[in-house]
Amino acid sequence: MTKAIDDNPWDSGKQAVVKMLAEAADTTVETVYDSIEVPPDSVMGDLASTLAFTLAKELKKNPAAIASEVLAKLQKLIEKESLVSKVETKGPYINIFFDRAAFAKTTITSVSKSGSSYGTSSQFKGKRVLIEFPAVNPSKPWHIGHARNAILGDTLSNILENVGYEVVRLEYINDLGLQIAQLVWKLKQVSDDAGDQKYDHFLGHLYVEVQETFDNSEEVQKEVREVSRHLEDLQSEDAKISGEMVRKCVLAQCQTGYRLGIFHNYQVWESAIAHSGILSLARDMMIKCDNIFIPEEGDKAGCIVADLSVIDEFKDLKDPYKILFRSDGTRTYTGADVALQLWKFGLIKDPFKYAVFDSQPNGEDVKRTTLQGGRGDLGKFDIVLNVIGTRQAHPQKMVYTVLDLMGFTKESENSHHIAYEFVGLEGQDFSGRQGTWVGYSTDDVLNKSTEMALTEVNQRNPDESDEFKAMVANQVAVGAIRYFMLNASPDRKITFRWEQALDFNGDAAPYLQYSLARAKRILEKTERDNEVEVDLYQLTSDPEFELVKAISKYPEEVLDVARAMKKEVWGTSFFSNRITAYGYGLATLFSKFYDSCPVLKAEPRVKKARLALVESFMITMTNCLQILGIPIVDRM
RNA sequence: GGGCGCGUAGUCUAGCCUGGAUAAGGCGCCAGCCUUCGAAGUUGGAGGUCUCAGGUUCGAAUCCUGACGCGCCCGCCA
């Protein structure tokens with residue numbers, strides 16, 4: 000149940016209806032609540048109940064007859080309830096109509112009272128969340144699939160903040176991988192001069208070049224392994240080359256994120272982890288557990304393994320031993336991930352020092368882990384989210400399972416893999432090694448999108464300044480890309496097609512932005528007339544009321560998305576597309592209202608009321624776009 | 001071998017968790033609407049064996065079982 004301090008007009012209306020129905024049908028509130036639905040067409044009613052079907056079983060009566068009986072009692076009850084004007088039955092369905100005027104008044108009053116915080120709630124206040132995304136290797140630019148990850152992570156963060164969580168956004172930088180060693184090897188032969196190229200693109204191309212030599216020469220492989228060893232020693236020449244290279248690459252990748260409105264609070268660097276002592280602390284913790292040990296014989300002799308067979312789900316595995324540390328003492332990926340996850344929950348004392356990595360355009364610094372610098376204070380987290388492709392479902396599950404084996408049951412349960420499908424081309428995935436990302440980097444897509452948007456802006460605003468056109472083109476382009484990524488259900492693979500990603504018509508961000516621009520134009524052209532009193536009881540026509548209802552549902556919609564997150568076998572579900580769908584629906588209803596209900600030319604009392612509705616719409620749409628990270632436009 | 005996801009008009013998708021009234025949108029196609037707040041809009045139309053077969057139910061796109069098709073995952077790798 001929603002707390003009273005949060006404005007949630009739709010839920011309030013629903014609760015009132017549920018209460019009356021429960022009384023009329025002489026049954027529990029829960030039973031009624033579960034039977035409530037929205038009728039397929041609003042001419043049938045604003046809410047409906049299928050309670051008669053449920054009761055038919057126990058009462059052994061015809062559902063339609065039950066519905067009529069309930070209706071008779073309901074008729075009396077609604078006289079005392081100002082929010083409900085009419086109830087009727089259609090066969091077994093009990094249909095409820097809100098009192099349009101009263102409902103409009105409470106909704107609009109809620110919105111104007113809450114303003115920019117309309118839609119936020121305190122439901123999850125006091126809980127802290129750490130979320131990691133998008134963890135791109137610092138050896139290439141983001142391709143458009145990385146953008147999907149980052150946009151999902153950022154929007155999820157926004158939603159969680161809206162429902163009361165404190166969210167810390169973390170980026171993971173793997174500066175010790177094979178990719179980095181390969182690039183350092185290459186950079187010792189070629190100039191580190193990127194020329195006009197953005198540094199991450201420069202590296203990305205170099206990386207593709209390296210692959211062929213690497214695959215075809217054992218000599219090169221040997222040399223790269225040598226570099227790899229040197230990287231462990233922070234004082235080595237190779238480590239210095241690497242440090243500078245990675246710094247420049249991450250900085251370049253950040254620029255891409257900034258264009259999309261994506262910012263972080265912290266970066267955790269692998270090189271810092273390697274020298275922090277975290278790994279040996281984690282190993283010591285692991286080895287103390289009953290189900291984690293070192294086999295003395297067999298093919299895994301000398302490794303530190305977790306015995307998964309004690310977990311029901313894995314008891315039938317052919318080989319239930321999951322290796323965390325190899326027989327040579329080095330960690331596997333799973334081992335490292337477990338250590339990192341322990342650190343994220345504060346189960347390992349934070350050994351890091353922190354330094355400012357960059358000052359972000361949102362005015363906040365992003366800090367990185369280092370070995371010098373000031374101490375940080377990340378604090379404890381209740382929930383840890385990792386935004387990672389769905390292909391990593393199994394490895395992620397391993398990490399959480401090991402946590403459970405170690406006795407950290409609560410932390411294991413509160414570890415979530417936010418899974419999503421990849422973005423690819425028809426018949427092929429993006430690959431850093433093969434360079435299939437070329438032409439599909441996030442920068443390329445944003446550039447092309449901005450270029451196309453500029454053409455559109457030019458046509459519509461030929462007399463505006465170049466600065467204005469550039470700004471709007473950018474807002475439209477960024478919005479279009481973010482919406483495109485969010486509007487696809489995360490469990491569905493996206494086959495990237497330019498004409499689809501860059502379509503500015505229909506079900507796309509510019510439609511939402513446009514509706515907002517139109518609303519603002521109306522409000523801008525209004526001279527405030529304080530002579531006339533606001534009478535919200537005027538808003539009773541279909542287009543007006545449909546818009547009111549959509550506005551009233553916004554807080555519930557945001558909460559629903561947060562509540563619907565659920566741990567599944569393949570990861571934790573996150574319905575990003577529900578928020579875009581809401582925004583699209585809201586824009587549609589505004590467009591219909593706009594078309595059929597003149598505001599400025601209406602007679603004074605109606606005009607005043609409609610202006611209040613337009614203003615409520617503007618507030619709601621603005622808040623919704625902010626969650627989606629879609630730029631707010633004034634004109635376009 | 002085991003597991004996961006997906007299958008809905010020409011096309012791209014939403015709905016499936018939590019069963020309910022005529023299966024909802026975008027793009028494309030056809031026909032309208034700018035002397036009235038911005039046409040990136042709006043009104044109407046054509047277009048469907050919801051992959052298939054069983055089952056549960058008063059009721060199934062939705063839940064269960066089994067097929068089929070497509071994609072992915074199951075290393076002391078990274």
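Residue numbers (numbering that gives the first Met the number 0): 0 to 635.
We put the CB at the ideal spot given by N, CA and C, even for glycine.
Source: prediction; values computed, not measured.
- Note on geometry: alpha-carbon atoms of Glu29 and Ala47 lie some 15 Å from one another.
- Fewer than three pairs of CB atoms, one per stretch, sit closer than 8 Å, so the region 300-319 makes no contact with the region 361-375.
- Counting only runs that start and end inside the region 41-105, the beta strand (DSSP E) elements of at least 3 residues fall at 46-48, 83-89 and 92-97.
- Residue burial is scored here from C-beta neighbours: Trp497 has fewer than 16 other C-beta atoms within 10 angstroms and is therefore classed as exposed.
- Boundaries of the alpha helix (DSSP H) around Asp33: Val28 to Ser34.
- Between the alpha carbons of Ala563 and Tyr164 lies a distance of about 15 Å.
- DSSP, read as helix, strand or coil, puts Trp268 in strand.
- Of the residues Trp268, Val83 and Pro39, the one whose Cα lies closest to the Cα of Leu20 is Val83.
- In the three-state reduction of the DSSP assignment, Tyr332 falls in the helix class.
- Under the 8 Å Cβ criterion, the region 216-232 counts as touching the region 177-190, having at least three qualifying pairs.
- In this structure, the CA atom of Leu610 is about 21 Å from the CA atom of Asp6.
- Going by DSSP, Glu131 is part of the beta strand (DSSP E) stretching over Arg127 to Glu131.
- Per DSSP, reduced to three states, the secondary structure at Arg168 is strand.
- In this model, Glu602 and Leu515 are separated by some 23 Å (Cα to Cα).
- When the Cα atoms are used, Val437 and Phe421 turn out to be separated by approximately 17 Å.
- It is roughly 15 Å from the alpha-carbon of Ile631 to the alpha-carbon of Glu614.
- Across the structure, Glu545 and Leu588 are spaced so that their CA atoms are roughly 7 Å apart.
- The beta carbon of Tyr265 lies closer than 6 Å to those of Leu169 and Lys366 in the same chain, with the five residues before and after it left out.
- Per DSSP, the unbroken alpha helix (DSSP H) holding Ser551 starts and ends at Asp541 to Arg562.
- Every alpha helix (DSSP H) stretch that sits fully inside the region 204-231 and reaches 4 residues is listed by chain position as 217-231.
- Bounds of the beta strand (DSSP E) holding Val355 are Lys352 to Ser358.
- Bridge partners of Val568 according to DSSP: none are assigned.
- Contact annotation: Gly144 and Phe574 have beta-carbon atoms that are not nearer than 7 Å.
- Taking 7 Å as the cut-off, the Cβ atoms of Ile293 and Ala338 do not count as close.
- Of the other Cβ atoms in all chains shown, fewer than 16 fall within 10 Å of the Cβ of Thr454; this residue is therefore exposed.
- In the pairwise beta carbon analysis, the region 367-382 is classified as touching the region 346-353: at least three pairs are separated by under 8 Å.
- Ile93 is classed as buried because its beta carbon has at least 16 other beta carbons within 10 Å across all chains shown.
- For Leu155, the enclosing alpha helix (DSSP H) covers residues Ile143 to Asn161.
- Between the region 279-289 and the region 221-235 there are fewer than three C-beta pairs closer than 8 Å, too few to call the two in contact.
- As a beta-bridge residue in DSSP terms, Arg367 pairs with Gln266 and Ala354.
- Residue environment for Lys59: exposed (fewer than 16 other C-beta atoms within 10 angstroms of its C-beta).
- Excluding the 5 residues flanking it on each side, Gly345 has same chain C-beta neighbours closer than 8 Å at Leu377, Gly378, Lys379 and Phe380, in chain order.
- The bridge partners DSSP lists for His416 are Asn385.
- Three or more beta-carbon pairs separated by less than 8 Å are not found between the region 100-112 and the region 393-408, which leaves the two stretches without contact.
- Here Asp336 is buried: its Cβ has 16 or more other Cβ atoms, across all protein chains shown, within 10 Å.
- For Phe324, the enclosing beta strand (DSSP E) starts and ends at Tyr320 to Phe324.
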